[in-house]
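First residue of the sequence shown: 9, per this note's numbering; consecutive thereafter.
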Amino acid sequence: MKVKLALPKGEIQAGTVKVLQRVGLEIRNYDSKSRNYRPRIAALPEAAVKVFSEKDVPIQVAVGNYQLGICGLDWIEELKIKYPAASLSPMIDLGFGQKKIWACVSEFSAFRSLHELTRQFDGRVMRIVSEYPNLAEMFAFRMRLKAFKIFPVWGAAEAYPPEDAELAIVSAFSEEGLAGLHLYPVEEILSSSVHLTVNSNCFERQDLSALIAYFYKVI
Numbered sequence: 009m010k011v012k013l014a015l016p017k018g019e020i021q022a023g024t025v026k027v028l029q030r031v032g033l034e035i036r037n038y039d040s041k042s043r044n045y046r047p048r049i050a051a052l053p054e055a056a057v058k059v060f061s062e063k064d065v066p067i068q069v070a071v072g073n074y075q076l077g078i079c080g081l082d083w084i085e086e087l088k089i090k091y092p093a094a095s096l097s098p099m100i101d102l103g104f105g106q107k108k109i110w111a112c113v114s115e116f117s118a119f120r121s122l123h124e125l126t127r128q129f130d131g132r133v134m135r136i137v138s139e140y141p142n143l144a145e146m147f148a149f150r151m152r153l154k155a156f157k158i159f160p161v162w163g164a165a166e167a168y169p170p171e172d173a174e175l176a177i178v179s180a181f182s183e184e185g186l187a188g189l190h191l192y193p194v195e196e197i198l199s200s201s202v203h204l205t206v207n208s209n210c211f212e213r214q215d216l217s218a219l220i221a222y223f224y225k226v227i
C-alpha cells in the first residue's frame, strides 16, 4: 500500500519545511505561498502527500486516510481527549514548535490566581473560551469547577475576556507572548511541540519504514 503523509499549513509550516529538508525529504511546492495541496517528495515519488490545516492533520491520521502526519502535540491531545480509543500516536518529537497551553484571565482582571477566580464564582457559571474545547473541558473537570460553560472558537480566544469570558484557554510560545495578548496566566495545562504522528493500526499492519526512517535523523 502507498505510504500517505499529511502535512500542515499555517503556523508550523515553515518549521516543517526546514525539518523535511534537514532529513533529506525536500518537497516541491510546499511553502506558504503555494496553493498546491498535493506536493511531491523528490526522494520518494511513490509516496502520496496532502496539505491540511494543522488541526485537521490528526483527524486524517486517526481515521486512516493517512498513515503519517505532522502536527503539534496540542492537536493530538485535543482529539484524543474526545476519542481516547482513536488510532493515533505521537511517534517522533521533531524538535520545534515548542509552546504551552495556558488557562488565562484578562490582564485587566482583578484576579491573579485560579483560586481567587473560583472562590468568586462559587456556584455561578464560569465562561471558558478556547480553540481547544476538549482540553478546556478536561481542565475544568480537573480543577473541579462547579459550574462552567465552554465556548469553542476558531481563533482569537484572547479577545473574549474579561467582558465575554472569565477564562481563555490559549497557546503561546512564552508568558511574554501572553502579555502581548493582554492575558495573565493562572494555570499551565499542556506542553506541546511538533511531532510526527502515526495511525497505530497502520503501523502494526503496514511497512512504513521507507518514510519513517528519514525522521529518525532528527533524534
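In this text, a Cβ means the ideal position worked out from N, Cα and C, and glycines have one as well.
Proximity of the segment 11 to 24 to the segment 50 to 66 meets the contact definition, three or more beta-carbon pairs being nearer than 8 Å. VAL113 places its beta carbon 8 Å or farther from that of SER138. Where MET146 is concerned, the enclosing alpha helix (DSSP H) starts and stops at 141 to 150.
Per DSSP, reduced to three states, the secondary structure at ILE89 is helical.
Listed in chain order, the non-local C-beta contacts of THR205 below 8 Å within the same chain comprise VAL65, PRO66, VAL69, LEU76, GLY77, ILE78, CYS79, ILE84, LEU96, SER97, PRO98, MET99, local neighbours out to five positions each way being set aside. Annotation for GLU124: no beta strand (DSSP E) segment contains it, though the alpha helix (DSSP H) segment containing it runs 122 to 128.
Here ALA155 carries a coil assignment [DSSP, helix/strand/coil]. The DSSP assignment places complete beta strand (DSSP E) segments of no fewer than 3 residues inside the segment 47 to 92 at 56 to 61, 76 to 80, in order along the chain. Collapsing the DSSP output to three states places GLU171 in coil. With a cutoff of 8 Å on beta-carbon distance, PHE156 and ALA165 are scored as not near each other. Per DSSP, SER117 is not a residue of any beta strand (DSSP E), being assigned neither H nor E. For the set LEU143, SER208, THR24, ASN209, the Cα lying nearest the Cα of PHE223 is the one of THR24.
Using a C-beta cut-off of 8 Å, the segment 203 to 220 makes no contact with the segment 121 to 128, since fewer than three inter-stretch Cβ pairs fall below that distance. Beta bridge pairing from DSSP links TYR192 with VAL113. In the three-state scheme derived from DSSP, where H, G and I count as helix and E and B as strand, VAL25 is classed as helix.
For ARG135, the enclosing beta strand (DSSP E) starts and ends at 134 to 138.
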